[in-house]
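Structure record follows, encoded as structure tokens.
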Amino acid sequence: MKKPDLEKAFSETSLFADKTWVVSPEAFPLDEKQLQTIREIGPALAEFQLAVERLYRRVGEGRRILRNGDLKADWVLDYLDRGKPDSLLNHGKHSALKNELPAIIRPDLLLTEDGFCLTEIDAVPGGIGLTGFLNDLYREDGGVVESEDQIPEAFFRALTGDLDSYQNPFVALVVSDEAETYRPEMEWLASQLQRKGRRIFVFHPDELMILGDTVCASLDGNPEKIDVLYRFWELFDLPSFAWGEGLMRAVEADTVKVTPPMKHYQEEKLNLGLLHHPKLKAYWDENLPKKVRRLLFQIVPESWVVDPEPVPANAFLHAPTVGGLPISSWEELGGGSQKERSLILKVSGYHETAWGARSVVLGSDVSREAWTAALRQAMRDGEENLHILQRFQKPMRVRHPVYGDSDEPRSMEGRVRLCPFFFRKGENDYQLEGVLSTVCPADKKIIHGMSEATLLPAREA
């Protein structure tokens, strides 16, 4: 695409208010093998989340976690419940939420020399409307990765699912103050669907009210019952909403569907550490299909839960090694070589710094003193908010055309993060609907949206 055409399209929508990035003439290319792997990742993550829930519920009920074994794992419950209010814990265990998965699953994938590296599964993913808009913009110029439905319609169907289409359900997209920067893309999605007669609207949390066992919002001055609520806010925000307890009661009474479901154990990054925990190997072997297991261990880097509980003097942590030797305290990682400090430390969840790159520290990118201090802070915080460590996988260098000051494209060397969007289609069946690609300059260690990066959809090469 020509630079003037792109600039004109961006200027004509409020979707990108106060946002700037480098523009590119073409979508990011993915070859057939890469696309096939990505398409398999969505259903595999759905299987993984269901297995996490089975594990959580079995442990919570005091049951053994294997069909033919006495293995129990009470520590898993402690990890996943830590620091959460009782009301949220009780809601997450309610039968009304059993096996309920998010309508949209969106992992963060880094493109490395060895393939894809999954750094996290975004609990409340942004970029849905942005990817839909970019797909529209680049579709006629080389095609984009999408389904026949295209993102707005696929989004609506994922939310409403088994609701009777003849009822024309009332859908509320509720965007908190903390997620305000994503409001324009939610409004764009709603406007696209309203043109088709869909009853879908964007609301601020203050506009919601509880009437009896229903959740309502005002339309034309009259309170109307919400059938589906898409929450664009984190679970730690729930206690700040006057209607928070009422919303949980309404879900349990089956008068409203909320997605992502308010299940704290689905939103912890430490689940990736549980996947790699040797004490749970037999559980994953029994509860994940072999093909899914193979794919997950291929894309999820080694991950460890930073449990601050001290171990006996003659015991070792399930943790990275230093000098080839196991460690007994997380602080020992501070003395590792730069290569051994090639680890990412971040908050697991249920905290205001758990989204984006707010809590991320790359050990090899800071001094030993700063790395040790970050580890100590993680241990102090661990009584309420656990952290995880992940083996850092360096994204590979790629070249992609971008526009600079002139109208002629230049080649930029960068590193790529891919955010594929999988929308629910049927019961726990997920389909790839689009891929948001972020290409950052090659000197950036942590990839995220920034003014020096280019944001674009993906296409099949």
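All residue numbers in the sequence shown are consecutive under the numbering used here, ending with 538. Ideal placement from N, C-alpha and C gives every residue a C-beta, glycine not left out.
| Name the DSSP beta bridge partners of residue 199, please? | 183
| Taking Cβ positions, are residue 425 and residue 322 nearer each other than 7 Å? | no
| query | Does the Cβ of residue 388 have 16 or more other Cβ atoms within 10 Å, making it buried, or fewer, making it exposed? | reply | exposed
| said: On the criterion of 16 or more Cβ atoms from any shown chain inside 10 Å, does residue 296 qualify as buried, or is it exposed? | reply: exposed
| query | When you compare only the Cα positions, how much space is there between residue 134 and residue 495? | reply | 32 Å
| said: Can you find the residues in the same chain that come closer than 8 Å, C-beta to C-beta, to residue 127, ignoring five residues on each side of it along the sequence? | reply: 176, 178, 505
| request: Closer than 7 Å by C-beta to residue 331: which residues in its own chain qualify, once you throw out the five before and the five after it? Chain order, please. | output: 173
| message | Which of the three DSSP states is assigned to residue 505 in this structure? | response | coil
| Since residue 423 is in the beta strand (DSSP E), which residue starts that stretch and which ends it? | 420-424
| Through-space distance from residue 417 to residue 347, alpha-carbon basis | 21 Å
| task | Can you tell me which of the three DSSP states residue 477 falls into? | result | strand
| said: Taking the beta carbon of residue 122 as the centre, do at least 16 other beta carbons fall within 10 Å, making it buried, or is it exposed? | reply: buried
| query | Tell me which same chain residues have a C-beta within less than 6 Å of the C-beta of residue 150, skipping the five on either side of it? | reply | 136, 142
| Between 209, 400, 311, 333, which lies nearest to residue 288 when the distance is taken from Cα to Cα? | 333
| said: Determine, for residue 191, whether the minimum Cβ-Cβ distance to residues of chain C falls below 7 Å. | reply: Judged by its chain identifiers, the structure shown contains no chain C, having just a single protein chain.
| request: Would you kindly work out how many angstroms separate the C-alpha atoms of residue 264 and residue 252, rounded to a whole number? | output: 10 Å
| request: Quick one: residues in its chain with C-beta nearer than 8 Å to the C-beta of residue 397, no 5 flanking neighbours on either side, listed in chain order? | output: 379, 381, 404, 410, 413, 417, 420, 466, 468
| query | Is residue 368 helix, strand or coil when you go by DSSP? | reply | helix
| Can you tell me the Cα-Cα spacing of residue 286 and residue 170, whole angstroms? | 24 Å
| Collapsed DSSP secondary structure at residue 456 in the structure displayed | helix
| For the alpha helix (DSSP H) that residue 164 lies in, which residues bound it at each end? | 163-169
| request: In the DSSP assignment, find the unbroken alpha helix (DSSP H) run with residue 325 in it and report its ends. | output: 321-329
| message | By the three-class DSSP mapping on this structure, what secondary structure does residue 227 have? | response | coil
| message | Starting from residue 280, trace the beta strand (DSSP E) in both directions and tell me its first and last residue. | response | 276-280
| Contact set for residue 442: own chain, Cβ-Cβ below 7 Å, skip 5 residues either direction | 522
| said: Measuring alpha carbon to alpha carbon, tell me which residue in 83, 163, 446 is nearest residue 341. | reply: 163
| request: Report the rounded CA-to-CA distance for residue 291 versus residue 324, giving the unit in angstroms. | output: 8 Å
| CB-CB under 7 Å to residue 488, same chain, minus the five flanking residues each way: which ones, in chain order? | 476, 478
| query | At what residues does the alpha helix (DSSP H) containing residue 129 begin and finish? | reply | 109-137
| Is residue 159 helix, strand or coil when you go by DSSP? | coil
| request: Find out if the Cβ-Cβ distance for the pair residue 207, residue 195 is shorter than 7 Å. | output: no
| said: Can you look up residue 317 in the DSSP assignment and give me helix, strand or coil? | reply: helix
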